[in-house]
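The next block holds one structure in the form of structure tokens; read it before the comments.
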Amino acid sequence: MKNALENQIEAGQDRVIAQRNMARAAEIPGWGMDADPENDPTYPMKHANGADHQRLNYKKAPQQPLDMEILHSIERPGVTRVFGTSTPPIGLSGAIRRFAYTYSEATATHWMTLILADRVDTIQGKLTDLMHGVLPNPWVERGWRAEWKYNRAGFIGRAATTALLLTAGILLLKRKKKNKYRMSNR
Numbered sequence: 170m171k172n173a174l175e176n177q178i179e180a181g182q183d184r185v186i187a188q189r190n191m192a193r194a195a196e197i198p199g200w201g202m203d204a205d206p207e208n209d210p211t212y213p214m215k216h217a218n219g220a221d222h223q224r225l226n227y228k229k230a231p232q233q234p235l236d237m238e239i240l241h242s243i244e245r246p247g248v249t250r251v252f253g254t255s256t257p258p259i260g261l262s263g264a265i266r267r268f269a270y271t272y273s274e275a276t277a278t279h280w281m282t283l284i285l286a287d288r289v290d291t292i293q294g295k296l297t298d299l300m301h302g303v304l305p306n307p308w309v310e311r312g313w314r315a316e317w318k319y320n321r322a323g324f325i326g327r328a329a330t331t332a333l334l335l336t337a338g339i340l341l342l343k344r345k346k347k348n349k350y351r352m353s354n355r
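First residue of the sequence shown: 170, per my numbering; consecutive thereafter.
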């Protein structure tokens, strides 16, 4: 889905729009109440250099090269000038992320699908490790060594709870299979 603003705002026009909005700012009730230099709470600590009121007139950073797929919010007309490139979207988690970015950041669908994509990405990472012959070491990767050293009681409690829940789940599944087998023999 193409953003409507992408075709309407030309390069450099954002500064013109910002200046126009600044001219009308006095009409907004309460706007600029902290802009009075006589009522500056940081006065004794701050060494003003005059640049504080020149924030709109800065030179934009050059656009970082787009050499991989970058997902961005539908609220923005394009990608930001600088962005992270550590993990490009790949595989199933990438498809889930692409789906998430078709929704507004104001929706739960956007954020919940991003969380799901993170979970899927961890599984993809473990499968990739296994494909390259690297066995997972949960004792180190999940921080269990540090947990054992610094919070032994909490670690034992969580381990016991996990073991109890797994045992209960296995017993319930066996009971259901046993009852299903009895019902089929009648």
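From the three backbone atoms N, C-alpha and C, an ideal C-beta is built for every residue, glycine too. Please read these numbers as outputs of a predicted model, since none were measured by experiment.
- Here Ser255 has no same chain residue with a Cβ atom under 7 Å from its own Cβ, once five neighbours each way along the sequence are excluded.
- Here Thr282 is buried, its C-beta having at least 16 other C-beta atoms within 10 Å.
- When Ala269, Ser262 and Gly260 are compared, the shortest CA-CA separation from His241 is found for Ala269.
- Annotation for Lys318: the continuous alpha helix (DSSP H) segment containing it runs Trp313 to Tyr319.
- Apart from sequence neighbours up to five positions away, the residues of its chain that approach Ala286 with a beta-carbon distance below 6 Å are Ser262, Ile265 and Arg266, ordered along the chain.
- Annotation: the continuous alpha helix (DSSP H) that includes Ile284 extends over Ala277 to Met300.
- Remark: C-beta atoms of Phe324 and Trp308 do not approach each other more closely than 8 Å.
- Just so you know, the alpha carbons of Ile243 and Tyr272 end up roughly 7 Å apart.
- Apart from sequence neighbours up to five positions away, the residues of its chain that approach Pro258 with a beta-carbon distance below 7 Å are Glu238, Leu240, Arg266 and Arg267, ordered along the chain.
- At least 8 Å separates the beta-carbon of Gly326 from that of Gln293.
- When rounded, the separation of the alpha-carbon atoms in Leu296 and Arg193 is 56 Å.
- Beta-carbon to beta-carbon, Val248 and Ala230 are separated by about 12 Å, too far to satisfy the 8 Å threshold.
- The beta carbon of Pro305 sits closer than 7 Å to those of Lys295 and Asp298, all from its chain and outside the five residues before and after it, given in chain order.
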